[in-house]
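Just below is one structure, and these are the notes that go with it.
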Amino acid sequence: MIKFKFIDDLCNGLKAAFPNADSELSIVPERCPENMEGDLTINCFRFARNLKGAPDKVADAAAEILAKHPDIEKVEKVKAFVNITMTAVAAHRQTVGDISALLQAGVLEQGRQRILIEYSAPNTNKPQHLGHVRNNTLGMALAALLKRVGHEVIEINLVNDRGIHICKSMLGYQRFGNGVTPESSGIKGDHLVGDFYVKYSRALKDDIEALKKERPELAGKDDDELFLETELGRMTQKMLQDWEAGEPEVRALWQKMNNWVFAGFAETYRRMGINFAHTYLESQTYMLGKDLIADGLEKGVFQKRADGAIFIDLGKLGQKVVLRSDGTSVYITQDIGTTLKKYEDYRPESQIWVVGDEQILHFQMLFAILKKMGYTWADNLYHLSYGMVNLPTGKMKSREGKVVDADDLFAEMVDLAKVAAEERAGGEATSEELAARAEIIGMGALKFMLLKFNPKTTMMFDPQASVKFEGDTGPYVQYACARINSIERKAAERGLAVEAVNWELASAPEEKAVSLLLWQYPQVLQTAAEKKDCSLLVDYLLDVAKAFNRFYRECPVLNAEDDAVKQVRFALCLAVRTVLKDGLATLTIGVPEAM
RNA sequence: GCUUUGGUAGCUCAGUGGAUAGAGCAUCUCCCUCCUAAGGAGAGGGUCGUGGGUUCGAUUCCCGCCCAGAGCACCA
Numbered sequence: 169m170i171k172f173k174f175i176d177d178l179c180n181g182l183k184a185a186f187p188n189a190d191s192e193l194s195i196v197p198e199r200c201p202e203n204m205e206g207d208l209t210i211n212c213f214r215f216a217r218n219l220k221g222a223p224d225k226v227a228d229a230a231a232e233i234l235a236k237h238p239d240i241e242k243v244e245k246v247k248a249f250v251n252i253t254m255t256a257v258a259a260h261r262q263t264v265g266d267i268s269a270l271l272q273a274g275v276l277e278q279g280r281q282r283i284l285i286e287y288s289a290p291n292t293n294k295p296q297h298l299g300h301v302r303n304n305t306l307g308m309a310l311a312a313l314l315k316r317v318g319h320e321v322i323e324i325n326l327v328n329d330r331g332i333h334i335c336k337s338m339l340g341y342q343r344f345g346n347g348v349t350p351e352s353s354g355i356k357g358d359h360l361v362g363d364f365y366v367k368y369s370r371a372l373k374d375d376i377e378a379l380k381k382e383r384p385e386l387a388g389k390d391d392d393e394l395f396l397e398t399e400l401g402r403m404t405q406k407m408l409q410d411w412e413a414g415e416p417e418v419r420a421l422w423q424k425m426n427n428w429v430f431a432g433f434a435e436t437y438r439r440m441g442i443n444f445a446h447t448y449l450e451s452q453t454y455m456l457g458k459d460l461i462a463d464g465l466e467k468g469v470f471q472k473r474a475d476g477a478i479f480i481d482l483g484k485l486g487q488k489v490v491l492r493s494d495g496t497s498v499y500i501t502q503d504i505g506t507t508l509k510k511y512e513d514y515r516p517e518s519q520i521w522v523v524g525d526e527q528i529l530h531f532q533m534l535f536a537i538l539k540k541m542g543y544t545w546a547d548n549l550y551h552l553s554y555g556m557v558n559l560p561t562g563k564m565k566s567r568e569g570k571v572v573d574a575d576d577l578f579a580e581m582v583d584l585a586k587v588a589a590e591e592r593a594g595g596e597a598t599s600e601e602l603a604a605r606a607e608i609i610g611m612g613a614l615k616f617m618l619l620k621f622n623p624k625t626t627m628m629f630d631p632q633a634s635v636k637f638e639g640d641t642g643p644y645v646q647y648a649c650a651r652i653n654s655i656e657r658k659a660a661e662r663g664l665a666v667e668a669v670n671w672e673l674a675s676a677p678e679e680k681a682v683s684l685l686l687w688q689y690p691q692v693l694q695t696a697a698e699k700k701d702c703s704l705l706v707d708y709l710l711d712v713a714k715a716f717n718r719f720y721r722e723c724p725v726l727n728a729e730d731d732a733v734k735q736v737r738f739a740l741c742l743a744v745r746t747v748l749k750d751g752l753a754t755l756t757i758g759v760p761e762a763m
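The number in the working numbering is simply the position in the first sequence, starting from 1, with 168 added.
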């Protein structure tokens with residue numbers, strides 16, 4: 169991060185004043201509260217004990233040192249806080265004054281890694297919904313953030329393309345499809361398949377209800393228990409067995425329907441801007457892991473139970489079966505194998521999974537097992553768990569059709585952005601331009617909103633509120649950029665170029681506030697990457713946009729009275745835009761030319 | 001029952017062992033003869049779930065309790 173000159177001088181001065189001080193002394197200035205006078209504040213409570221001095225005395229000494237510093241205009245001591253007002257030149261010099269260095273400072277000097285990140289992981293029996301969109305957005309933005317600070321990041325997907333639920337949509341198609349295709353119906357492939365999954369589910373529910381009427385003794389049983397009592401259920405199980413046996417007709421249907429779904433997913437991913445380096449298919453990985461169990465059994469990592477099942481004792485986490493008594497594998501067995509496969513394929517230093525928080529225990533167990541199996545890299549596995557998305561009407565429920573479909577949501581956001589953009593453009597833009605703008609604004613608004621929440625919070629998605637583009641939203645940040653673009657265009661028309669910038673002329677509080685916010689950018693990037701939390705960056709970009717809008721209101725750029733002032737302010741605008749664009753790009757959000 | 005995450009303004013969410021706890025939305029005022037009003041300025045709105053404890057100082061850390069979500073399969 170960029171360190172202001174006066175900080176070093178302060179550290180040295182304080183060490184001299186407090187002879188018993190620890191050799192380690194780190195002072196990071198904080199933002200001064202609005203109601204206090206000053207640009208930054210030194211909170212002496214934080215490091216007084218490193219100096220072996222009372223906070224109040226330390227603050228006295230700090231105030232005395234800073235008051236004499238050429239970069240400091242004014243010092244005010246309140247309790248153990250030292251509020252400082254910097255000179256304009258000092259505030260701008262290392263921030264907007266050297267914007268490329270500021271951007272570069274976000275990159276880690278050490279500790280860069282090759283990181284594998286897995287996200288999305290959809291099933292091929294239905295289209296993606298809002299929950300997937302949160303997952304996709306968190307995954308792609310985290311990948312971009314990690315890249316931004318210098319890591320090598322490999323994004324991968326693991327598609328769940330086999331299993332009983334896939335057979336359900338296939339059987340639904342066989343029963344009710346009449347040979348319809350995406351081409352013949354004009355329906356996107358994943359939606360078409362999803363429709364048959366829904367039709368199947370309804371038919372199964374009807375069959376179970378009929379069964380319960382016929383045999384009242386079953387009334388207390390739940391639907392899963394009665395699955396195999398229905399003809400439809402038995403056929404579904406038969407289909408899964410046929411699939412596993414490689415029965416050609418079943419395989420052909422499976423392949424055909426999965427291809428429809430993949431084509432649909434490709435469109436969803438394209439619109440979000442996702443590019444996976446590789447997509448693993450569960451149909452090709454589900455048998456992995458089994459052979460590792462025998463090996464682990466020999467080494468004593470696993471134990472065999474009397475009934476033949478193989479398990480592992482994970483202490484506090486409990487016991488976990490890794491091979492059923494019939495010798496077949498379970499979910500975690502596959503994950504053991506797949507994790508090893510991913511490691512062998514890419515040799516990453518760490519792996520990240522973006523998966524919902526209901527699987528926290530699963531991943532704790534997975535990581536613990538891999539460690540016990542002796543893989544040293546298992547210390548660097550990370551489950552980025554995130555909370556579910558609720559609607560004002562309650563939880564999303566696929567079975568009840570209470571879901572917000574991803575493609576519908578994209579269309580709705582972009583349509584609304586388009587209506588607004590058309591109104592504002594007033595015929596000044598072509599329809600292609602408007603469409604491109606609306607795409608960037610609508611998708612940006614959606615991603616920004618999803619990233620604004622801390623990943624682990626169970627968030628509420630209010631469709632009504634989410635389509636607004638005012639307040640703490642992506643478009644608010646994009647709008648600040650659009651305003652700067654507009655200034656840039658007008659500056660070019662008027663022949664204003666930035667030549668010699670005299671930062672001394674940017675001494676208004678609004679101008680310094682912008683610079684001092686931009687100063688924090690490298691640290692924000694690194695902290696967000698360290699915590700794997702993009703919401704920190706989201707909040708920061710909102711702060712910058714707010715500071716810019718205040719500046720924009722108070723300090724005319726092109727209408728300033730003096731040419732030199734115009735240049736300084738114009739330079740400040742360009743620096744703001746550079747950071748906002750860079751930050752939004754790090755969240756995988758674009759910026760339109762105009763709004 | 002056990003594990004775990006949360007309970008902060010009417011709503012959705014930030015936040016932190018330190019200065020008078022913040023933002024957006026919603027409500028109410030103002031501001032387009034001025035670089036884009038998807039903007040700015042301001043007002044009202046809080047016993048930070050609750051009862052204890054540690055501390056110079058606790059919304060933040062510890063313990064109990066209440067409420068809510070999630071998990072506790074030879075399902076994925």
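Note that the Cβ used here is the ideal one computed from N, Cα and C, for glycine as well.
Around the C-beta of residue i, are 16 or more other C-beta atoms found within 10 angstroms, so that it is buried, or is it exposed?
i      : result
Asp392 : exposed
Asp358 : buried
Ile504 : buried
Asn180 : exposed
Arg745 : buried
Leu529 : exposed
Leu456 : buried
Leu404 : The question names Leu, but residue 404 in the sequence shown is Thr. Looking at its Cβ environment, which holds 16 or more other Cβ atoms inside 10 Å, Thr404 is buried.
Rounding to the nearest angstrom, what Cα-Cα distance links residue i and residue j in this structure?
i      : j      : result
Phe161 : Ile324 : Because the chain here runs from 169 to 763, residue 161 falls outside it and cannot be looked at.
Ser654 : Gly274 : 28 Å
Arg605 : Ala536 : 48 Å
Ala222 : Ala732 : 47 Å
His297 : Phe433 : 11 Å
Lys563 : Leu577 : 17 Å
Lys242 : Asn303 : 48 Å
Asn427 : Asp711 : 45 Å
Cys702 : His260 : 27 Å
Asp329 : Asn293 : 8 Å
Glu656 : Ala227 : 44 Å
Phe213 : Ala230 : 12 Å
Ala216 : Lys171 : 20 Å
Gly542 : Arg402 : 42 Å
Ala311 : Ala235 : 44 Å
Leu491 : Tyr341 : 33 Å
Leu618 : Gln694 : 21 Å
Leu549 : Leu271 : 29 Å
Lys183 : Phe174 : 14 Å
Leu396 : Lys458 : 28 Å
Val635 : Ala762 : 19 Å
Taking the DSSP output, what are the residues bridged to residue i?
i      : result
Ile240 : Met254
Lys472 : Ile478
Glu320 : Arg282
Leu155 : Residue 155 is absent from the structure shown; the chain starts at 169 and stops at 763.
Val327 : Leu449
Gln487 : Asp481
Ser497 : Leu491
Met628 : Asn558
Glu198 : Thr209
Cys645 : For the record, residue 645 in the displayed sequence is Val; it is not Cys. Paired residue(s): none; Val645 is not in a bridge.
His297 : Asp573
Lys565 : Lys570
Phe249 : Asn211, Val246
Asn764 : Outside the modelled stretch of the chain, which goes from 169 to 763, sits residue 764, for which no answer is possible.
Can you give the beta carbon distance from residue i to residue j, rounded, assuming they're within the 8 Å contact cut?
i      : j      : result
Leu534 : Ala648 : Actually they do not touch by this definition, with Cβ atoms about 43 Å apart.
Glu244 : Glu198 : At roughly 15 Å, the Cβ-Cβ gap does not stay under 8 Å, so Glu244 and Glu198 are not in contact.
Thr398 : Leu386 : Going by Cβ atoms, the distance from Thr398 to Leu386 rounds to 11 Å, so no, they are not a contact pair.
Leu705 : Leu313 : 7 Å
Asp207 : Met254 : 5 Å
Thr453 : Lys509 : 7 Å
Any contact of the region 337-354 with the region 731-745, i.e. 3+ C-beta pairs under 8 Å?
-> With a cut-off of 8 Å, the region 731-745 and the region 337-354 do not count as touching, because too few Cβ pairs lie within range.
Does the pairing of the region 463-474 with the region 516-526 give three or more beta-carbon distances under 8 Å?
-> With the cut-off at 8 Å, the region 463-474 and the region 516-526 do not touch.
Indicate whether the contact test is met: 3 or more Cβ pairs, each with one atom in the region 316-332 and one in the region 357-374, closer than 8 Å.
-> The region 316-332, when compared against the region 357-374, does not touch it at the 8 Å Cβ threshold.
Segment contact, 8 Å Cβ cut-off, at least three pairs: the region 590-600 with the region 518-532 = Too few Cβ pairs lie closer than 8 Å, so no.
Check whether the region 415-431 touches the region 327-345, counting contact only when three or more Cβ pairs, one atom from each stretch, lie closer than 8 Å.
-> Judged by Cβ distances under 8 Å, the region 415-431 makes contact with the region 327-345, as three or more pairs qualify.
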